[in-house]
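Read through the structure below, which is laid out as structure tokens, and then see the notes.
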Amino acid sequence: MNREQKPSKTSVPRSTRAPKQQTPAPTSGKLDHKRLNAPRGPGIGRIPVVDVQPVIEGGRWPTKAVVGEVVPITATVFREGHDLHRATAVLIDPAGNVHSSAPMHEVGSGLDKWRGNLVPDAAGDWAFRIEGWSDAYGTWRHNAEIKIAAGLEVQLMLAEGAAVLRRAAAEEFRNQDDAAMLVNAADTALDASLSVSSRFAALVSPPITAVLDRAPLRDLVSPTENYPLRVDRAAALASAWYEFFPRSEGAFQDDDGTWHSGTFATAAERLPAIAGMGFDTVYLTPIHPIGLTERKGRNNTLGGGPDDPGSPYAIGSPDGGHDAIHPELGTFADFDAFVARAAELGLEVAIDLALQCSPDHPWVSEHPDWFTTRADGTIAYAENPPKKYQDIYPLNFDNDPEGIYAEIAGILRLWISHGVKAFRVDNPHTKPLDFWERLLGEIRESNPEVIFLSEAFTRPAMMRTLATIGFHQSYTYFTWRNTKWEIEEYFSEIAGDQASVMRPSFWPTTHDILPPYLQHGGVAGFKVRAVLAALSSPTWGIYSGYELVENVPRPGAQEQIDNEKYELKPRNWALTSHYGVADLLTRLNTIRRNHPSLGQLRNLVVHPTTNDSIVAFSHHLDAPYTPAHVADTVLTIVNLDPHEAHDGLVHLNLGAIGLSDLGDGTITAYDELSGESYAWGAIPYVRLDPNERVAHVLHLRRY
């Protein structure tokens with residue numbers, strides 16, 4: 001113990017005295033932005049703070065968040081001895097100023113785990129830190145309550161309490177009214193004409209406690225370094241996508257069998273129905289010219305001819321490449337009109353970024369070094385044995401990387417200038433990661449509103465790293481998670497530590513994938529997967545035709561027969577009312593818009609059930625974080641069996657839904673799908689028959 005800390009017989013204990021250096025409360029002040037990510041200073045600090053989360057690779061890359069997202073901050077915080085300590089989470093805005101702070105609370109008992117929530121309110125590169133500190137008032141109060149009740153050192157404890165309040169009142173940041181209240185309480189504590197109980201009550205009254213909770217007296221403040229927090233617009237986390245092939249909308253066949261492609265003008269006629277179902281992003285498969293060489297025929301057969309439209313992923317012809325539009329779809333003016341019409345309906349436009357070329361792409365002749373030439377002099381086509389894609393040449397990023405980079409960056413900026421707000425990137429895991437990190441970083445600097453969705457169904461390490469280095473959203477394994485155990489495990493995974501890196505986009509089907517569950521699940525199966533996708537992940541999407549329950553596979557494959565990648569596929573949308581799926585999609589998107597808790601990911605919690613075919617999960621958002629400042633809770637219960645009815649009990653995790661104090665009481669469970677209401681306790685009984693309803697979607701309320 002050094003000289004400054006050693007108490008004398010007449011001094012007050014260490015917990016009540018001012019430390020050698022005071023640290024102001026974290027509610028104001030300017031940080032040195034140049035040192036925002038500087039290495040940690042020497043020493044661990046008097047109040048150690050370790051195991052800070054969410055932090056990615058020690059701060060090498062920023063943690064992800066969006067505007068209005070509740071970001072849980074956790075750490076292990078402890079100290080020597082028996083004096084009390086606390087912790088504060090501090091949010092730092094892009095200018096380097098302290099934006100706000102939030103008290104952290106100990107989680108559990110005896111493990112020194114602390115948690116607090118921070119909420120950024122604008123896009124940009126933010127930061128956060130945690131400050132551990134000694135709680136002089138809490139320490140004094142803990143000791144005083146024991147000693148005064150036992151009649152020990154009563155006068156001394158009152159004097160020490162008064163000293164703590166006077167020191168708090170003298171802090172520069174404290175407003176005059178609060179300071180005066182603290183001084184008056186200290187004076188009352190020293191008034192010998194009053195009873196001991198009155199004097200002690202003045203020091204611990206609710207108003208005094210509130211003042212010191214709101215702006216505590218913090219000694220020995222021990223900050224961590226500042227950790228980066230990248231904040232995007234809300235749509236980077238929460239959005240609803242609808243995919244379609246524009247060439248199929250309005251396509252028709254002459255009497256002689258000749259097919260005619262749809263156009264941007266005819267595709268625009270589909271937009272009101274898409275917007276009417278509540279989707280906010282319309283995603284177009286590639287709209288560029290398609291090559292003739294090695295063109296694929298129906299169902300990916302070889303030998304397709306000029307009468308076959310070809311795969312739009314075989315990009316490039318004498319009409320142009322990635323910077324051109326297929327002549328049959330229209331012109332750039334037509335595309336601009338399509339984007340404008342979408343905007344009128346509240347829809348953003350996303351397009352495919354597929355970095356491969358047909359043998360007829362202008363790059364093949366202009367930049368043959370951008371491809372891999374084999375020993376026999378031919379250019380290597382794409383293949384993933386046993387799959388072969390003879391109509392596609394992959395780029396070789398080791399040949400002229402700067403030339404390739406400049407070309408692709410220019411292409412992105414071209415489409416952004418025409419109103420594209422998002423890109424679904426095809427197979428990004430087959431391109432170098434340093435290329436993506438640089439490209440997405442530069443686009444972010446010039447156009448931070450643009451969103452990139454990673455279409456990478458690959459190994460977990462690659463998927464996570466693509467998200468880490470800049471992709472805003474990621475396709476996931478959701479499509480193949482079908483059993484209760486698979487779903488529960490996966491939901492816990494995406495909402496856990498992974499949520500600070502990857503933002504999952506849940507798709508029941510895509511134009512490439514028709515999973516076995518939907519091949520055999522019928523209408524109820526399509527409804528089950530829609531409910532799971534729409535109400536578990538903040539971002540979800542469907543591929544056109546989902547409303548028509550298109551579930552016939554190509555033999556031996558997990559994809560649809562007569563795949564739209566290889567042929568024009570106009571649909572009879574008048575049949576959608578027959579299945580009821582479109583009505584469900586509309587209702588699901590309406591529920592998503594009406595409940596802010598569903599726009600978050602980290603609050604996804606699984607609740608145990610007694611039936612292996614019933615899964616239950618919830619989203620809860622506390623009152624301070626909702627627009628109306630009223631707690632919002634949605635509980636979803638789904639029968640995973642599309643053929644048989646199932647029943648069972650749901651064991652609600654009351655703490656996760658803000659109902660820890662429910663006890664033997666009841667809550668109102670309002671079903672957003674049926675309009676029915678139930679009075680439920682902590683272990684409700686449910687029965688779901690897929691012929692009647694596949695799920696309960698319940699708004700939980702105390703009244």
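For the sequence shown, position 140 matches number 140 in full-length UniProt numbering, and the numbering has no gaps at all. C-beta: ideal position from N, C-alpha, C; glycine also. Because the structure is a prediction, the values reported are computed rather than measured.
For Gln253, the number of other beta carbons within 10 angstroms of its own is below 16, and it is reported as exposed. Between the alpha carbons of Leu347 and Leu698 lies a distance of about 28 Å. Annotated as distal: Phe506 and Val581, with beta-carbon spacing of 9 Å or more. Per DSSP, the unbroken beta strand (DSSP E) holding Gly648 starts and ends at 646-649. Nearest neighbour of Ser674 by Cα position, chosen from Pro432, Gly321, Asp583, turns out to be Asp583.
In this structure, Val615 sits away from Ile494, with a CB-CB distance that is not shorter than 9 Å. Residue pairing for Gln53: DSSP places it in a beta bridge opposite Thr74.
The distance from the Cβ of Phe423 to that of Leu353 is about 4 Å, consistent with a contact at the 8 Å cut-off. Asn611 has its alpha-carbon roughly 10 Å from the corresponding atom of Val686. Residue range 136-150 is occupied by the alpha helix (DSSP H) that includes Asn143. Take the alpha-carbon of Gly320 and the one of Glu547: they are about 34 Å apart. Going by DSSP, Thr266 is part of no beta strand (DSSP E) but of the alpha helix (DSSP H) stretching over 264-268.
Membership of Arg86 in the beta strand (DSSP E) is indicated by the continuous run 85-92. Within the segment 251-315, the runs of alpha helix (DSSP H) that reach at least 4 residues and sit entirely inside it are, in chain order, 264-268, 271-276. In the DSSP assignment, Ala679 falls within the unbroken beta strand (DSSP E) covering 677-680. The beta carbon of Val55 is closer than 7 Å to those of Thr63, Tyr227 in its chain, skipping five residues each way along the sequence.
When the Cα atoms are used, Asn589 and Tyr242 turn out to be separated by approximately 12 Å. One Cα belongs to Asn143, the other to Leu621, and the distance between them is close to 36 Å. Cβ neighbours of Leu535 within its own chain (closer than 6 Å, five residues either side excluded): Thr636. Pro318: not part of any beta strand (DSSP E); DSSP gives it neither H nor E. Here the alpha carbons of Glu249 and Arg270 stand approximately 7 Å from one another. The shortest CA-to-CA distance from Gly330 to any of Pro386, Ala350, Phe264, Leu302 is the one to Phe264.
If you compare the alpha carbons of Leu182, Arg529, Leu640, Asp497 with that of Glu57, the shortest gap goes to Asp497. Closest in C-alpha terms to Ala340, from the list His418, Phe200, Tyr137, Ile408, comes His418. When rounded, the separation of the alpha-carbon atoms in Asn97 and Leu118 is 15 Å.
Put simply, the segment 445-459 touches the segment 421-436. At least three CB pairs are less than 8 Å apart. Under the DSSP assignment, His520 falls outside any beta strand (DSSP E), being part of the alpha helix (DSSP H) whose first and last residues are 516-520. The shortest C-alpha to C-alpha distance from Ile274 to any of Ala623, Leu220, Ser193, Ile542 is the one to Ile542. The Cβ atoms of Leu532 and Phe478 lie closer than 9 Å to each other. Leaving aside the five residues that flank Thr430 on each side, the residues in its chain whose CB is nearer than 8 Å to its CB run, in chain order, Pro394.
CA-to-CA, the gap between Gly556 and Pro385 works out to about 16 Å. Distance from the CA atom of Ala406 to the CA atom of Trp61, rounded to whole angstroms, is 24 Å. Assignment of Ile130 by DSSP, reduced to helix, strand and coil, places it in the strand class. Excluding its 5 nearest sequence neighbours in each direction, Val164 has C-beta neighbours in its own chain below 6 Å: Thr16, Ala136, Tyr137, Trp140, listed in chain order. Burial is judged here by how many other beta carbons sit within 10 angstroms of a residue's own beta carbon; Gly410 has fewer than 16 and is exposed.
Between Thr576 and Ser597, the CB-CB gap reaches or exceeds 9 Å.
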